[in-house]
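In short: position in the sequence shown from 1, add 1469, done, that's this note's numbering. The C-beta atom is built at its ideal place from N, Cα and C for all residues, glycine as well. Only one structure is covered here, and it is reproduced in the block below.
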Amino acid sequence: MKEVKSPKKPMAFYYIVVLALILLFNEMARPYMEQAQIVPVDYSTFMQSIDDKTVDHVEIQSNQILYTVKDDHKKYKTGIMNDPTLAQRLMESGATFTQDIKEETSPLMSFFLAWILPLLIFFAIGQYMSRKIMDRAGGNSMMFGGSGNQAKIYVPSSEGIHFSDVAGEDEAKENLSEIVDYLHNPSKYTSIGASMPKGVLLVGPPGTGKTMLAKAVAGEANVPFFSIAGSEFVEMFVGMGASKVRDLFKQAKEKAPCIVFIDEIDAIGQKRTGAAMGNDEREQTLNQLLTEMDGFEGNTGVIILAATNRPDSLDPALLRPGRFDRRVPVELPDLKGREDILKVHAKKVRLADDVNFHTIARMAAGASGAELANIINEGALRAVRSGRSEVTEADLEESIEVVIAGYQKKNAILSDAEKRTVAYHEIGHALVAALQSHSAPVQKITIIPRTSGALGYTMQVEQQDKYILSREELENKIATFTAGRAAEEVKFGLVSTGASNDIEQATKLARAMITRYGMSDEFDMVAMETVNNRYLGGDTSLTCSAATQQQIDKKVVELVRKQHEKAIALLKAHMDKLDALASYLYEKETITGDEFMKILEGDKSETQEVESAEQKLLADEEKDAKADAEKAKELAFLSEPSASSKPAASSEAKEAKTETAAPVAADVQGKGESSSEQPQPPQS
């Protein structure tokens, strides 16, 4: 479908306008310019020139006398006097003289030229300037009636988006394709008494393809298609929104059958309230929309498509059957849907033969259609930066990590102590995850810093989408979250700020288990928390008393502490594996899940590399220990004159070391902890 645009005026039109302006300027400005070159004199001077016989030519007009003097190029003027001898004296002086022939002009024409025409010109210029100003300010805000409607009208076109270009949303396509089929073959449905749906509401998270589905409907339907955003209805002037709704449906009814698409309908469709500070203009617009969709007159032949990611905020009167007969969820795609979406977007790029879309789709669990399109584009950009003509699977895997954790920080330089801390932290996550049952396999471990702020992360990828999580699986997730801090405690006997994101995720999951999932013996199956705006992050609010909130906090602490102790016990029981894996990661900086499992299971070829890495790590530790000892001696020597300053200096040094050595974690989950469609977050 393509947008219908008003035809451009030909160039001849502008030439005619310019010519008319030039002629008008000549007619109005020339007399004033000529008048400025005439020198006024009194009548006696004129008579003296006649007596001196210096007058060359005289023109007697109705209200003045114009004359020229010999040997002078100037023109003079004087007033009319009742002088009967003037003609005789001019004859005697030898001057030539004439008198204008009076022509009777129409009073109406004179009035029009003198008053009406200038006013029309100024009015036209004012209208043109006001339109330009209002267009720059955001539309015809002061134009009531049909000219204020901002809806875009589309007509059928051979180019554009079709249902074949939309993947991963088979159920939504089926619902919408039925409407398109009804428009093409109405007799097939009316023969058994079926009527056309009046409205379809597309709901889902951002980036799942709601607007793209509407574009596909526009590409498939051979009927007029109107498109407008919900925010375009409400203007700064009262009554503009309702006026635009009337104009929109008036045009739609004239072109019925047709489709009207309102994007982000929550801008005008929010629930009406009786609050004193309510938005009356928005409510008037909503009332007009309700009337047009299913009022006294009805809207026969007009199908309403609308999209929103805030269905909970919409007015119930807007959602009832007769206005929106269907509510089509456009959810995050599953594994097969992600694979199909990747294939659709990959048609535009040149791919290498090693690309496996199934693997990429598994790694991108929980990604929306827009994010998958971005992953393909990021992979293509990475191939260009590397000087290659094809996109490889490694490019796509790296682009997934870019979307999740950001780009690699090339200028980030970690000290050996920081690097060791991060290595043990990440191996702690991976080792506890591998030692537990019902945990997602480890895909990749890295200690290369990212632009999101993470100094490292562990990526786990499920073999398939999971829709139900058991209590044991959720507890294992919490244990995996706490394993990074546990590894630092077991190895170094200290804690750092690197576990900040892990603490946040573990607490969030533990609280959800108690308040929403009914996994607490004390509270049983009682909902203590509600979720709002499910498609926009899922804000939660407690629905219990203050005393119950204190009990919930205690249960959350107990649950997290129990899993933390479990992680410490697992790591202490496998301390040799922890040291071996951390040494190998310290040396390589990035290892795959296969390398991790080979070392964990004791592969001989990998064991030799691990031993060499351990030796290097021990050498680095000895070197750092010597440097610390030398530094301690210097500090002790410098602090001898002032014994009271020793504790403060030691405390400040310890605090500075803790702050600089702590890996900074980034919040890279952000997908919700309970949905099986969500990706396993990298443990930072």
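Once the 5 residues before and after residue i are set aside, which same chain residues still bring their CB inside 8 Å of it?
i	result
D1794	P1666, K1667, G1668, V1669
C1727	V1692, P1693, F1694, F1695, A1721, G1770, V1771, I1772
L2069	L1900, A1903, K2046, L2050
K1740	S1782, L1783, D1784, P1785
N1644	V1669, R1795, V1797
Q1468	Within the shown structure, residues of the chain are numbered from 1470 to 2153, placing residue 1468 beyond reach of any answer.
I1534	F1515, V1527, E1528, K1546, T1547, G1548, I1549
Check whether the Cβ atoms of residue i and residue j sit closer than 8 Å, and answer yes or no.
i	j	result
I1947	T1984	no
I2037	A1955	yes
V1771	V1729	yes
V1510	F1566	no
G1962	G1838	no
H1814	A1842	yes
S1855	R1819	no
E1733	A1776	yes
N2002	R1779	yes
G2062	V1911	yes
L1759	L1787	yes
L2005	L1978	no
A1690	V1649	yes
D1735	G1688	no
K2024	E2064	no
G1922	H1894	no
Following the continuous alpha helix (DSSP H) through residue i, name the residue where it begins and the one where it ends.
i	result
T1514	1512 to 1520
E1528	Run containing E1528: none in the alpha helix (DSSP H); it sits in the beta strand (DSSP E), 1524 to 1529.
R1715	1709 to 1723
T1680	1679 to 1689
F1826	1826 to 1832
G1806	1804 to 1815
V2211	Here the chain covers residues 1470 to 2153 and nothing more, so residue 2211 does not appear.
Q1974	1969 to 1984
F1950	1940 to 1961
What do you get for residue i, buried or exposed, if any count of 16 or more other CB atoms within 10 angstroms of its CB means buried?
i	result
Q1929	buried
H2033	buried
I1602	exposed
H1898	buried
V1799	buried
V1486	exposed
I1937	exposed
R1792	buried
Y1512	exposed
A1874	buried
H1653	exposed
E1931	buried
D1971	buried
L1755	buried
A1489	exposed
Could you pull out every residue in the same chain whose Cβ sits closer than 7 Å to the Cβ of residue i, ignoring the five residues on either side in sequence?
i	result
E1808	F1826, H1827, A1830
Q1905	N1945, A1948
E1958	V1964, I2037
V1635	K1642, G1678, M1681, L1682, A1685
S1518	V1524, V1538
L1801	P1674, T1677, G1835, S1837, E2146
R1851	D1864, E1867, S1868
Can you give me the start and stop residues for the beta strand (DSSP E) that residue i sits inside?
i	result
S2010	2008 to 2011
M1928	1926 to 1929
S1579	It is not in any beta strand (DSSP E) - S1579 instead sits in the alpha helix (DSSP H) that spans 1576 to 1580.
I1914	1911 to 1915
T2059	2059 to 2061
Only counting the same chain, and skipping five residues up and downstream in sequence, which positions put a Cβ closer than 6 Å to that of residue i?
i	result
Y1536	V1524, V1527, Y1545
G1998	Before going on, a small fix: residue 1998 reads as Glu here, not Gly. Taken in chain order, the residues that qualify are T1984, R1985, T2009, L2011.
Q1757	A1711, V1714
S1908	A1902, N1945
D1803	D1934
Can you tell which of the options has the C-alpha that lies nearest to the C-alpha of residue i?
i	options	result
T1951	Q1974, Q1933, I1845	Q1974
D1823	E1840, K1805, P1576, V1860	V1860
I1844	R1857, R1854, E1866	E1866
G1967	A1564, I1937, M1709, I1916	I1916
D1541	V1508, L1490, Y1876, E1750	V1508
L1440	R1980, I1590, F1515	Any question about residue 1440 goes unanswered here, given that the chain covers just 1470 to 2153.
I1885	E2058, F1515, W1584	In the sequence as presented, Ile is not what sits at residue 1885; that position holds Asp. Among E2058, F1515, W1584, the Cα nearest to that of D1885 belongs to E2058.
I1737	Y1926, K1719, I1697	I1697
K1817	Y1658, N1846, G1708, T1754	N1846
K1960	I1630, L2040, L1492, G1708	L2040
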